[in-house]
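In the numbering used here, the protein residues as written are 1 to 215.
Structure record follows, encoded as structure tokens.
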Ligand code: B12
């Protein structure tokens, strides 16, 4: 029964039981349940976990385990959604990447996962992304938001380079730019002309919603 599967799925999410999350998602698909409804259960569960992390009730490993559970459920759901020809009704398109010279992927991955869990279409360019790749991707995908991550003080200035290149190409004003990662501060973000900064992945989701006027 649908409500039974959904209750068990929520439970598996908050217990970070990746195997059960995947099993229950597959069961929901077998039983013909609308994958968008199942996705909604996963989204609500991870939002709850994100809020608890934000309030200091859970720790980083909890959030990472939950993100991993979410990813394992998202994969079969995305396939089912595509095969049914349904749309994810993305709330907005976001390009994300870790800047050139920087191989740190964990925080960037968490921001990407939480954004896609919250209904945004996320194009993840990966790590060590050159400025010209960010520009080409912006021209190709025409995102609402460009999100950059940097974990090293030596690579953070790459963010300004990307913004300057977007200005040179005349496309800076077509999108909002957000930045984050260990060495990034609000002052730094203001100085390089970014539209927003937040210190955590959970707050990054709220920031994107604010910038795109989504409640
Ligand atoms: C894991 C790690 C690595 C791994 C990375 C593996 C991977 N796949 O990511 C490896 C071993 C590869 C690595 C390598 C190096 N590392 Co390292 N690494 C770390 C470590 C321990 C954890 C980083 C991490 O994942 N944190 C957990 C995530 C969840 O946090 P986060 O990335 O900050 O992301 C959160 C927020 O910042 C925010 N966020 C992140 N991105 C974005 C983007 C946006 C838009 C927004 C809004 C928010 C946002 O949301 C996230 C979740 O809440 C840190 C120490 C630390 N305490 O951070 C050092 C650290 C970042 N590394 C450091 C260094 C020096 C290096 C090396 C140069 C070491 C060396 N000598 O080789 C190399 C550089 C390699 C390279 N070119 O990138 C230094 C950086 C110092 C500095 N300020 O420049 C640190 C701080 C360690 C230290 N104290 O010295 N590292």
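Ideal Cβ placement from N, Cα and C applies to all residues, glycine included.
Item to check | Whole-angstrom C-beta distance between residue 211 and residue 167, which should lie under 8 Å | outcome: Their Cβ separation, rounded to whole angstroms, is 18 Å, which puts residue 167 and residue 211 out of contact at 8 Å.
inquiry  = By alpha-carbon positions, which one of 12, 76, 58 ends up nearest to residue 36?
reply    = When each option's Cα is compared against that of residue 36, the closest is 76.
ask   = Cα-Cα, which of 62, 150, 158, 163 is closest to residue 50?
value = The closest CA to that of residue 50, considering only 62, 150, 158, 163, is found on 62.
- Query: Is the Cβ-Cβ distance between residue 197 and residue 179 less than 8 Å?
  - Reply: It is a contact, given that the beta carbons lie within the stated cut-off.
Decide if residue 83 is buried, meaning its Cβ has at least 16 other Cβ atoms within 10 Å, or exposed. Classification of residue 83: exposed, given that the 10 Å Cβ count is below 16.
| query | Are the beta-carbon atoms belonging to residue 184 and residue 201 less than 8 Å from one another? | reply | No, the pair does not count as a contact, with Cβ atoms beyond the cut-off.
Start and end of the alpha helix (DSSP H) containing residue 50? 35-54 is the span of the alpha helix (DSSP H), which, as asked, contains residue 50.
Exercise for review: Using only alpha-carbon positions, find the residue among 23, 33, 15 that is nearest to residue 1.
Suggested key: Measuring from the Cα of residue 1, the nearest candidate turns out to be 33.
query: Does the pairing of the region 19-31 with the region 88-102 give three or more beta-carbon distances under 8 Å?
result: In short, these stretches do not touch, since the Cβ pair count stays below three.
message: Suppose only complete runs of 3+ residues qualify. What are the beta strand (DSSP E) ranges in the region 120-182, listed by chain order?
response: Within the region 120-182, the complete beta strand (DSSP E) segments at least 3 residues long are 121-124, 145-149, 176-180, listed from N- to C-terminus.
Requested in this report: Give a yes or no on contact between the region 115-127 and the region 52-66, applying the rule of three or more CB pairs nearer than 8 Å.
Outcome: No, because fewer than three Cβ pairs between the region 115-127 and the region 52-66 fall closer than 8 Å, the two stretches do not touch.
My parser needs the beta strand (DSSP E) runs of 3 or more residues fully inside the region 60-121; what are they?
Entirely contained in the region 60-121, the beta strand (DSSP E) runs reaching 3 residues are, in chain order, 93-98.
Closest by CA to residue 283, which one among 158, 121, 129? No statement about residue 283 is possible, as the shown extent of the chain runs from 1 to 215 and does not include it.
Next on the checklist: Please confirm whether residue 120 has its beta-carbon closer than 8 Å to some beta-carbon of chain B.
Outcome noted: No chain B is part of this structure, which consists of one protein chain only.
| query | From the DSSP output, which residues share a beta bridge with residue 197? | reply | Beta-bridge partners of residue 197 (DSSP): 179.
Extent of the continuous alpha helix (DSSP H) to which residue 234 belongs: Any question about residue 234 goes unanswered here, given that the chain covers just 1 to 215.
*Considering only residues of the same chain and omitting the five flanking positions on each side of residue 71, which have a CB-CB separation below 8 Å?*
Correct list, in chain order: 113.
- So does residue 76 have its beta carbon nearer than 7 Å to some heavy atom of the ligand B12? No, since every heavy atom of the ligand B12 falls outside the 7 Å radius drawn around the Cβ of residue 76.
_Could you tell me the alpha carbon to alpha carbon distance between residue 187 and residue 8, rounded to whole angstroms?_
Rounded to whole angstroms, the separation of the alpha carbons of residue 8 and residue 187 is 44 Å.
Practice item. Pick helix, strand or coil for residue 11, following the three-state DSSP scheme. Key: In the three-state scheme derived from DSSP, where H, G and I count as helix and E and B as strand, residue 11 is classed as helix.
Measure the C-alpha to C-alpha separation of residue 43 and residue 192 and round it to an integer number of angstroms. If you take the alpha carbons of residue 43 and residue 192, they lie about 33 Å apart.
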